[in-house]
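What follows is a set of notes on a single structure, which appears directly below.
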Amino acid sequence: MSEIAPTREARHTRHGSNIGQPMTRREGVLKVTGAARFAADNHPPGMLYAVLAVSTVARGRLVSLDLAAAKAHPGVVDVMTHENRPALASDPDEKSNPFMFRLDLLQNDHVRYAGQPVAVVIAETLEAATEGAALLVPRFEAETARVGLDGAEVFAPSTVGVGNPPKAEKGDVEAGLSAAAHRVEVTYETPAQYHNPMEPHGVVAVWEGDRLSLDMPSQALVMAQGRLAGLFGIPPENIHIRSPYLGGGFGSKGFPAGPQVLGIMAAKLTGRPVKLVVKREQMFGPVGHRAPTRQRIRIGMDETGSLTAIENHTRTASSTYDDFFEAAADVAHTLYASPAIRTSYEAVRLDTGTPLFMRAPGEAPGSVALESAIDEAAQAAGMDPLAFRLKNYAEVEPISGKPFSSKALRECYRQGAERFGWDTRPLEPRAMRDEAGRLRGWGVGTATFPALMFQAKARATIRRDGSGLMETGAHDMGQGAWTALAQIAADALGLDIDAVEFRAGTSDLPDAGIAGGSGHTATAGMALHQAGANAIAKLADLAVKDEASPLFGAGNVGTVARGGRLVRRDDESRGESFSDILARAGLTHIEAEGAAQPDGAAQEAYAMHAHGAVFAEVSVDPDLGQIRVTRLVGAFAAGRIINPRMVESQLFGGMIWGLSFALHEEAVSDPRTGRVMNADLAEYQIPVQADIPAMEAILVHEDDPHVNALGIKGVGEIGITGTAGAIANAVWHATGRRLRRFPIRLTDLLD
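Residues in the sequence shown are numbered consecutively from 1, following UniProt numbering.
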């Protein structure tokens with residue numbers, strides 16, 4: 001892969017460090033000029049095009065396909081069905097670990113959800129494949145679809161989220177509620193939401209014997225290698241995946257999706273390279289989504305407004321054939337100090353594709369319900385909602401009792417409120433209007449997200465010419481990883497970023513782990529940091545043992561790498577360049593590996609979270625009910641900031657998604673057929689430029705020594721968790737109406 005040059009604006013002068021500087025995106029020019037090559041931009045010689053034919057029913061059996069008509073169409077090469085697909089080495093419905101999800105790979109004629117692939121048409125052109133798929137005219141024997149949270153038998157799931165227990169309890173909730181001077185009991189509902197990254201899922205697959213070359217967007221290259229190796233019965237090292245750029249992922253590209261595997265199978269069937277890209281409407285089914293939730297929340301407070309109990313009982317849904325249950329209630333474990341907390345779950349199985357990780361899984365729906373209910377509790381206690389939160393926010397993680405950086409949350413509240421002007425907010429609703437006579441409301445929401453870290457590896461090379469090379473199979477979904485990780489890499493080698501070549505985005509590089517859970521910068525960054533430290537240690541060992549070096553004998557006092565030189569820690573005037581050390585040793589380069597993993601002891605002792613507070617202003621037309629978000633101010637404490645420009649961009653993205661959650665986003669299923677009725681970006685509402693208000697993201701300084709050596713926390717998902725609730729609370733403050741079903745609709749205010 002070619003090197004991507006860094007760019008920075010002249011006014012951003014560095015002061016001895018690459019970390020902390022607001023450098024512009026390393027790949028930015030390539031993207032805006034169209035030179036960045038995404039998966040579907042690749043066209044190997046002899047490539048065929050594949051198009052999916054999908055089910056129009058949500059439950060039943062495929063009865064027939066007009067194969068003759070499709071195969072007779074000019075340009076069609078073959079049609080892959082359950083009767084002629086290549087054999088697989090393992091059953092796509094087998095699960096050997098909790099992170100493996102069942103795939104629909106034309107196993108049989110059974111239909112499990114609307115939009116399930118039932119055939120793949122392969123042709124010389126995209127047009128021929130598309131027309132061939134239409135000519136198949138699939139016929140189905142349909143059964144009654146199970147739709148909605150009341151559409152199937154209720155049961156208790158064995159786990160929720162990623163292996164979390166379905167019930168957690170501290171203290172006596174019933175006693176706390178009974179003793180409360182004020183009580184709130186409310187039910188909030190959140191809808192199904194579907195993944196719609198700008199780049200749909202796709203693959204360009206080339207087989208050469210038992211070796212497989214793939215251009216495929218992936219958030220976890222080595223995990224994808226392993227899954228595909230198991231399905232096709234070949235060694236993982238025989239699979240080469242290129243994924244330098246992703247047009248968004250949000251969790252949906254963490255695992256190979258069924259359509260991508262079907263593209264690989266089509267290449268195997270035909271013996272030629274094949275490209276398969278999912279159509280926009282086909283994203284509503286086989287690539288994961290956020291499940292709906294119904295959350296019953298009970299809160300008790302004493303006469304001073306202190307919490308006495310919190311309970312969240314959540315109903316959610318999974319598919320009929322696999323398990324993933326949205327851990328929405330678990331957000332109550334981390335935010336508010338109550339002597340009694342209980343969370344529990346029930347679930348239904350619906351005729352949909354399996355829900356999967358979607359940006360802030362669990363925390364997004366859980367926080368909008370909890371933050372709205374906390375506002376209702378403040379109202380019941382007659383308190384300002386910010387004062388109520390300040391009174392009740394947790395100094396330690398409530399369920400586990402582990403300490404975390406709670407002072408950072410207090411500072412987020414303070415700085416955000418000050419910038420927003422919260423102290424002028426009237427307590428009563430419907431008390432403010434703007435210059436046009438629209439009702440104005442202000443709301444606040446607390447933001448939280450765990451500071452996760454996974455396992456990763458990296459490789460560092462110091463060259464005789466004084467330059468460096470850093471390699472790790474990292475992923476950039478558009479969040480700025482190319483830039484932030486390169487900054488970490490440069491500092492690890494003691495070089496200016498312009499002197500470091502950074503390679504990432506392919507599976508033949510050291511495993512960078514998964515880009516998910518807002519943990520990629522911490523995970524891959526720590527691996528790069530360690531690789532650089534190990535390379536510098538090797539170089540220093542050469543120098544301090546070399547009598548010709550100014551650093552000879554400095555082993556006890558130690559050395560520091562800075563500006564392409566090693567210098568004595570106690571006397572920086574004594575040192576020499578990397579080039580001179582390597583030249584005298586007769587080496588062209590020196591290389592070292594590095595690895596990163598979570599600190600088990602620290603995780604056992606401390607709760608690790610990023611925190612924040614979001615303040616929202618809305619205006620509501622009193623006659624028409626039209627809601628406009630006019631201002632958002634978020635203050636976030638997320639550990640050490642590697643690149644403020646990239647972090648601000650991520651926080652804005654999260655806040656926009658929170659706005660989308662509160663007012664726009666919802667998948668609507670036809671109760672008769674189980675089909676998603678708004679499976680496009682015309683009717684599946686998401687905010688556009690005209691919907692986005694003035695936004696500000698305040699980066700609150702935080703030093704957390706326990707999360708990792710670099711002090712990095714994630715920022716990709718936390719912005720959602722405070723924003724949706726803040727907007728809902730602002731709507732109440734504007735109108736005096738509590739709306740407990742999301743997204744909030746204009747019609748809800750006109751009832």
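Every residue, glycine too, gets a C-beta built ideally from N, C-alpha and C.
Bear in mind the structure is a predicted one, so any value in this text is a computation, not a measurement.
Which of helix, strand or coil DSSP assigns to Arg503: Residue state for Arg503 is assigned as strand, using DSSP reduced to three classes.
Distance between Ala40 and Ser213 (C-alpha atoms, nearest Å): For the pair Ser213 and Ala40, the Cα-to-Cα distance works out to about 14 Å.
Residues near Gly736 in its chain [Cβ-Cβ closer than 7 Å; skip 5 each side]: In its chain, beyond the 5 residues on either side, Pro429, Arg430 have a beta carbon closer than 7 Å to the beta carbon of Gly736.
Glu153 burial status per 10 Å Cβ neighbour count (16 or more: buried): Residue environment: Glu153 is assigned as exposed (fewer than 16 neighbouring CB atoms within 10 Å of its CB, all protein chains considered).
Residue span of the alpha helix (DSSP H) that contains Val731, given as start and end: Here the alpha helix (DSSP H) through Val731 covers 718-735.
Distance between beta carbons of Pro365 and Ala328, contact taken as under 8 Å: A Cβ-Cβ distance of about 5 Å is found for the pair Ala328 and Pro365, placing them in contact under the 8 Å criterion.
Simplified DSSP state of Gly16, which is helix, strand or coil: Its pLDDT being 49, under 50, Gly16 is placed unreliably in this model, and the coordinates cannot settle the point.
Identity of the residue in Asp91, Asp511, Glu547 nearest Leu221 by Cα: Checking every option, the nearest Cα to that of Leu221 belongs to Asp511.
Ile712: CB within 8 Å of a non-hydrogen atom of the ligand MN: Summarising the ligand content, the structure contains no ligands, and the ligand MN is consequently not present.
Bridge-paired residues (DSSP) for Ala347: BP columns for Ala347 point to Phe155, Thr316.
Backbone CA spacing between Gln219 and Phe99 [nearest angstrom]: About 14 Å.
Residue interval of the alpha helix (DSSP H) (run including Gln225): Unbroken alpha helix (DSSP H) run through Gln225: 221-232.
Straight-line gap, residue 754 to His520 (C-alpha atoms, nearest Å): Because the chain spans 1 through 751 in this model, residue 754 falls outside it and cannot be assessed.
Contact set for Lys167: own chain, Cβ-Cβ below 6 Å, skip 5 residues either direction: Sequence-distant partners of Lys167 (beyond 5 residues in either direction) whose C-beta falls short of 6 Å from its own C-beta, in its chain, are Ser344.
Residue closest to Val147, alpha-carbon to alpha-carbon, out of Gln260, Leu30, Ala317, Arg359: For Val147, the nearest C-alpha among the options comes from Ala317.
Neighbourhood of Val51 by C-beta distance below 6 Å, restricted to the same chain and skipping five residues each side: Apart from the 5 residues on each side of it in sequence, Val51 sits with its Cβ closer than 6 Å to the Cβ of Val121, Ala129, Thr130, Ala133 in its chain, given in chain order.
First and last residue of the uninterrupted beta strand (DSSP E) at residue 753: No information on residue 753 is available, as it lies outside the stretch 1 to 751 that the chain covers here.
Contact check, Thr334 vs Pro398, beta carbons under 9 Å: Less than 9 Å divides the Cβ of Thr334 from the Cβ of Pro398.
N- and C-terminal bounds of the beta strand (DSSP E) containing Phe449: Run containing Phe449: 439-450, per the beta strand (DSSP E) assignment.
Nearest-angstrom Cα separation, counted from Ser660 out to Leu750: Using only the alpha carbons, I get a separation of about 21 Å.
Top-ranked residue by Cα proximity to Gly525, from Trp442, Phe284, Gly473, Asn97: Taking only the C-alpha atoms, the option nearest Gly525 is Gly473.
3-residue-minimum beta strand (DSSP E) runs that sit fully inside the stretch 460-493, ordered along the chain: If we require 3 residues or more, the beta strand (DSSP E) runs fully inside the stretch 460-493 come out as 468-471.
Exposure of Asp476, with buried meaning 16 or more beta-carbon neighbours within 10 Å: Buried is the call here.
When Thr747, Thr721, Asn18 are compared against Ser372, the one with the closest alpha-carbon: By alpha-carbon distance to Ser372, the top candidate from Thr747, Thr721, Asn18 is Thr721.
Helix, strand or coil at Gly202 according to DSSP, with G and I counted as helix: Of the three classes helix, strand and coil, the one that applies to Gly202 here is strand, per DSSP.
Sufficient close CB pairs (3 or more, under 8 Å) joining the stretch 168-181 to the stretch 279-291: As far as the Cβ criterion goes, the stretch 168-181 does not touch the stretch 279-291, which means the pair count is below three.
Beta-carbon separation (whole angstroms), Asn701 vs Phe404, contact threshold 8 Å: A quick correction: the sequence has His, not Asn, at residue 701. The distance from the Cβ of His701 to that of Phe404 is about 16 Å, inconsistent with a contact at the 8 Å cut-off.
From Arg672, Glu127, Ala635, Pro165, residue whose alpha carbon lies closest to that of Met655: Closest by C-alpha distance to Met655, out of Arg672, Glu127, Ala635, Pro165, is Ala635.
Straight-line gap, Glu237 to Asp215 (C-alpha atoms, nearest Å): When rounded, the distance between both Cα atoms is 15 Å.
Nearest neighbour of Ala309, chosen from His182, Ala484, Leu746 [CA to CA]: If we check each option's Cα against that of Ala309, His182 comes out closest.
Whole-angstrom C-beta distance between Gly248 and Pro197, which should lie under 8 Å: About 3 Å; that satisfies the 8 Å criterion.
Continuous beta strand (DSSP E) stretch holding Ile239: start and end: The continuous beta strand (DSSP E) containing Ile239 extends over residues 239-242.
Three-state secondary structure assigned by DSSP to Ile4: Any reading at Ile4 is ruled out, since the residue's pLDDT is 42, under 50, leaving its predicted position unreliable.
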